[in-house]
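Using numbering that gives the first Met the number 0, read the sequence shown as starting at 0 and increasing by one per residue.
By construction, the Cβ of each residue, glycine as well, lies at the ideal position given by its N, Cα and C atoms.
This report concerns only the one structure given below.
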Amino acid sequence: MDLRTLMRQAAEYNANRTAIVHRDRSLTFAEAWERAVQLANGLLAAGLRPGDRVGVLEDNSIGAQDFFAGSAAAGLVRVPLYARNSPESHLHMLSHTGCRGLVVTAEHHGEVADVLERCPELDVVLIRDDGYEDWLAAQDNTDPDVSIAPNDWCVIRHTGGTTGKSKGVAYSHKSWLDAGRDWFYNFPPMDPGDACLHVGPISHGSGYLYTPTWLSGGTNVLLERFDVAETIEVMEQHPIQYMFAVPTMLNALARHDSARGRDWSRLKVIQIGGSPIMDETALLARDVFGDVLYQGYGQTEAVPVSMMGPSEWFSEVPGSEPLRSAGRCLPFARLEIRDTDDPSVRLPIGDEGEIAIRCDGQMTGFWENPDATAERMTADGFVLTGDIGRIDDNGYLYVLDRKDDMIITGGFNVWPAELENVLCDHADVIEAAVFAAPHERWGETPVAVCVVADGAAVTSDELVALCAERLGSYKKPSEVVVRTEPLPKSPVGKVQRKALREPYWAGHDRRVAGN
Numbered sequence: 000m001d002l003r004t005l006m007r008q009a010a011e012y013n014a015n016r017t018a019i020v021h022r023d024r025s026l027t028f029a030e031a032w033e034r035a036v037q038l039a040n041g042l043l044a045a046g047l048r049p050g051d052r053v054g055v056l057e058d059n060s061i062g063a064q065d066f067f068a069g070s071a072a073a074g075l076v077r078v079p080l081y082a083r084n085s086p087e088s089h090l091h092m093l094s095h096t097g098c099r100g101l102v103v104t105a106e107h108h109g110e111v112a113d114v115l116e117r118c119p120e121l122d123v124v125l126i127r128d129d130g131y132e133d134w135l136a137a138q139d140n141t142d143p144d145v146s147i148a149p150n151d152w153c154v155i156r157h158t159g160g161t162t163g164k165s166k167g168v169a170y171s172h173k174s175w176l177d178a179g180r181d182w183f184y185n186f187p188p189m190d191p192g193d194a195c196l197h198v199g200p201i202s203h204g205s206g207y208l209y210t211p212t213w214l215s216g217g218t219n220v221l222l223e224r225f226d227v228a229e230t231i232e233v234m235e236q237h238p239i240q241y242m243f244a245v246p247t248m249l250n251a252l253a254r255h256d257s258a259r260g261r262d263w264s265r266l267k268v269i270q271i272g273g274s275p276i277m278d279e280t281a282l283l284a285r286d287v288f289g290d291v292l293y294q295g296y297g298q299t300e301a302v303p304v305s306m307m308g309p310s311e312w313f314s315e316v317p318g319s320e321p322l323r324s325a326g327r328c329l330p331f332a333r334l335e336i337r338d339t340d341d342p343s344v345r346l347p348i349g350d351e352g353e354i355a356i357r358c359d360g361q362m363t364g365f366w367e368n369p370d371a372t373a374e375r376m377t378a379d380g381f382v383l384t385g386d387i388g389r390i391d392d393n394g395y396l397y398v399l400d401r402k403d404d405m406i407i408t409g410g411f412n413v414w415p416a417e418l419e420n421v422l423c424d425h426a427d428v429i430e431a432a433v434f435a436a437p438h439e440r441w442g443e444t445p446v447a448v449c450v451v452a453d454g455a456a457v458t459s460d461e462l463v464a465l466c467a468e469r470l471g472s473y474k475k476p477s478e479v480v481v482r483t484e485p486l487p488k489s490p491v492g493k494v495q496r497k498a499l500r501e502p503y504w505a506g507h508d509r510r511v512a513g514n
């Protein structure tokens, strides 16, 4: 199967149902697919060919849907860029994937103006400005019906971040469809007309839910940015049945004054992913929204691998702590713990090591980067995640932390996530981040930054004492910074520990320290 053929079929069989909603504008499946075909023909007429890579820089909009479906209709390979990323990162993503085209909104054109001059291989640049609708309407609406095979490339997603050279992860049509299928495997069935809300870009994480929603005859509801009050209003009034949120979004939604007391009876799924979630956030969100929380684990390189719904997440299982876990392995995936020093060695149940995963929706390697591929893929086809974890006797996966974020203090290993969990258990703490700082005696020491509400009475000493009581003195942070300013986050909502950590390491050659 290929994405174009299945999207075209869904558009035919659901022609009069609502496919897209963006604010006060909606499109039926027939209308949305016709626009996709017109965009496909416009790009092909401009000189692009099936198989060409095309970068896209946008927020959620009707135009974003045009390109999502239109690139599939034309057999083009989408290369999503990160909004508000650095020009150097945009240049890298476009050039190393050999993009011949770029689609950019007028709002983001300034971010790539300099890049266009430095990337001469871009033969076609489409700016979605005030003239876009007239241009689109002038294009042929005859389906180009290009030849597409299941193993042809469909999208190249990058590993993210705002600095450094990220790596491209290529999905074929088949692997992209497989990833969407597995995301929905444990969900309640989607009925025709059910609505899926996208507050994150459909070009990135939320896009995994976008394709299955379209193929099921559901409605994709788009918001171009995450505003807490507006999102809650849309969730209730539309109403929404499915949505994707990173933990920081869920935390903000559950804590908003207007969230309680609304009618959430139509809500089926809030899918959580992107980073580990704190116990307190999950429990609070369940209390507010009901038994609708689903948690999945995977990475851009291989996703998803584990999953669990609310009946499992909040259950009591002898010998396990589902609340602290990332669920159990999906039926059509592989999940192992490998030795951090020798990744060819699989560790027994209960041992801590690097999480290794394998699934149908995974990369075959990083785009034109064999050295990085060799570092991250084992000889037997598993992706090494860089996450440290363990699997218990009941098959529950526990993600302890990033291998690179581990703090070694006085010879002991401390994982930031376990400290963050304890800190967020305090009623006054909204969110927390823990990272390593250099220490003259211990080599490294944990430092915590905790965000509290205005007027909160909690003190740094109180939070240090809480960690010592719950985890032991050797794991307590040597410093806790209490503030009301939110933690820095990446364009996709992940907390940036490194931005908090950097001032502590000024003057050091490395970001690790020994005794």
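Suppose you measure from the CA of leucine 26 to the CA of aspartate 65; what does that come to, to the nearest Å?
Roughly 11 Å separates the two Cα atoms.
Counting pairs of Cβ atoms below 8 Å between the segment 198–205 and the segment 52–67, do you hit three or more?
When C-beta atoms of the segment 198–205 are compared with those of the segment 52–67, three or more pairs fall below 8 Å, so the two segments count as touching.
Taking just the CA atoms, how far does leucine 399 sit from phenylalanine 186?
Distance between the alpha carbons of phenylalanine 186 and leucine 399: 26 Å.
Looking only at its chain, what residues have a beta carbon closer than 6 Å to the beta carbon of leucine 214, apart from the 5 residues adjacent to it on each side?
Cβ neighbours of leucine 214 within its own chain (closer than 6 Å, five residues either side excluded): Leu5 and Ala9.
Which residues mark the beginning and the end of the alpha helix (DSSP H) in which valine 36 is found?
Valine 36: member of the alpha helix (DSSP H) spanning 28–44, first to last residue.
Starting from histidine 108, trace the alpha helix (DSSP H) both ways and give me its first and last residue.
First-last of the alpha helix (DSSP H) with histidine 108: 108–117.
Taking just the CA atoms, how far does phenylalanine 313 sit from histidine 108?
Inter-residue distance for histidine 108 and phenylalanine 313 is about 45 Å (C-alpha atoms, whole angstroms).
Taking 8 Å as the threshold (C-beta atoms), are methionine 92 and glycine 50 in contact?
It is not a contact, given that the beta carbons lie outside the stated cut-off.
4 or more residues per run - each alpha helix (DSSP H) lying fully within the segment 292–366:
Within the segment 292–366, the alpha helix (DSSP H) runs of at least 4 residues that lie entirely inside it are, in chain order, 309–312.
With a 10 Å radius around its C-beta and 16 neighbouring C-beta atoms as the bar for buried, classify methionine 0 as buried or exposed.
Methionine 0 is exposed by the Cβ-count criterion.
Straight-line Cα distance separating arginine 7 from tyrosine 473:
In a straight line, the C-alpha of tyrosine 473 is about 59 Å away from that of arginine 7.
Span of the beta strand (DSSP E) around glutamine 270
Looking at the DSSP string, the run of the beta strand (DSSP E) that includes glutamine 270 is 268–271.
CA-to-CA distance, glycine 297 to proline 415, given in whole angstroms:
Cα to Cα, the separation comes out at about 19 Å.
Alpha carbon to alpha carbon, how far is alanine 371 from glycine 506? Give it in angstroms, no decimals.
Rounded to whole angstroms, glycine 506 to alanine 371 spans 29 Å at the Cα level.
Straight-line gap, leucine 2 to valine 291 (C-alpha atoms, nearest Å):
The C-alpha of valine 291 is placed about 28 Å away from the C-alpha of leucine 2.
Taking the runs of the beta strand (DSSP E) that are 3 residues or longer, which of them lie wholly in the segment 194–265?
Entirely contained in the segment 194–265, the beta strand (DSSP E) runs reaching 3 residues are, in chain order, 194–197, 218–221 and 241–244.
I'd like to check one pair, aspartate 424 with arginine 389: are the Cβ atoms closer than 8 Å?
Not a contact, by the Cβ cut-off of 8 Å.
Within 8 Å, strictly: CB atoms of threonine 280 and asparagine 250:
Inclusion of threonine 280 and asparagine 250 in the CB contact set at 8 Å is warranted, their separation being smaller than that value.
For valine 220 versus leucine 196, is the C-beta distance shorter than 8 Å?
Leucine 196 is positioned such that its CB atom lies closer than 8 Å to that of valine 220.
Using the three-state DSSP reduction, which class does lysine 402 fall into: helix, strand or coil?
Three-state DSSP puts lysine 402 in a helix.
Within 10 Å of its beta-carbon, does threonine 162 have 16 or more other beta-carbons around it, so buried, or fewer, so exposed?
Unreliable placement is indicated for threonine 162, whose pLDDT of 38 sits below 50; the coordinate value is still reported in the next sentence. For threonine 162, the number of other beta carbons within 10 angstroms of its own is below 16, and it is reported as exposed.
Apart from the five residues just before and just after alanine 258, which ones in its own chain have a Cβ nearer than 7 Å to its Cβ?
Correct list, in chain order: Ile231, Leu252 and Val287.
Burial state of glycine 529, where buried means 16 or more other Cβ atoms lie within 10 Å:
Since the first residue of the chain shown is 0 and the last is 514, residue 529 is not available in this structure.
What does the alpha-carbon distance come out to for the pair isoleucine 155 and serine 94?
So the alpha carbons of these two residues sit roughly 13 Å apart.
Is it buried or exposed for alanine 435, if we count other Cβ within 10 angstroms and need 16 for buried?
Result: buried.
Just to confirm my understanding: we take glutamate 484, look at its own chain, exclude 5 residues before and 5 after, and list those with CB closer than 6 Å. What are they?
Here the set comprises nothing.
Could you give the uninterrupted runs of the alpha helix (DSSP H) lying entirely in the segment 118–172, keeping only those of 4 residues or more?
Entirely contained in the segment 118–172, the alpha helix (DSSP H) runs reaching 4 residues are, in chain order, 131–136.
Length at least 3, wholly inside the segment 458–513: the beta strand (DSSP E) runs in chain order
The segment 458–513 contains these whole beta strand (DSSP E) runs: 478–482.
How close, in whole Å, do the beta carbons of glutamate 443 and isoleucine 406 come, if the pair is a contact with beta carbons under 8 Å?
Indeed, because the Cβ distance is near 5 Å, the residues count as touching under 8 Å.
Boundaries of the beta strand (DSSP E) in which arginine 375 is found, first to last residue:
Arginine 375 -> not in any beta strand (DSSP E); alpha helix (DSSP H) instead, spanning 369–375.
Sequence-distant residues of the same chain with beta carbon closer than 6 Å to threonine 332, five excluded per side
Residue identity check: residue 332 is alanine in the sequence provided, not threonine. The answer, listed in chain order, is Val304 and Cys358.
Nearest neighbour of glycine 179, chosen from His157, Met189 and Leu208 [CA to CA]
Out of His157, Met189 and Leu208, Leu208 has the C-alpha closest to the C-alpha of glycine 179.
Closest Cα partner of alanine 39 within the set Cys118, Ala29, Leu135 and Ile429
When each option's Cα is compared against that of alanine 39, the closest is Leu135.
Buried versus exposed call for histidine 380 [16 or more other C-beta atoms within 10 Å across all chains shown]:
Inspection of the sequence shows that residue 380 is occupied by glycine rather than by histidine. Residue burial annotation: glycine 380 is exposed, with fewer than 16 other C-beta atoms found within 10 angstroms of its C-beta.
The segment 138–146 in contact with the segment 119–127 per 3-pair CB rule at 8 Å
No, the segment 138–146 is not in contact with the segment 119–127.
Verify whether the separation of the beta carbon atoms of glycine 272 and glutamine 138 is less than 8 Å.
For glycine 272 and glutamine 138, no; Cβs fall outside 8 Å.
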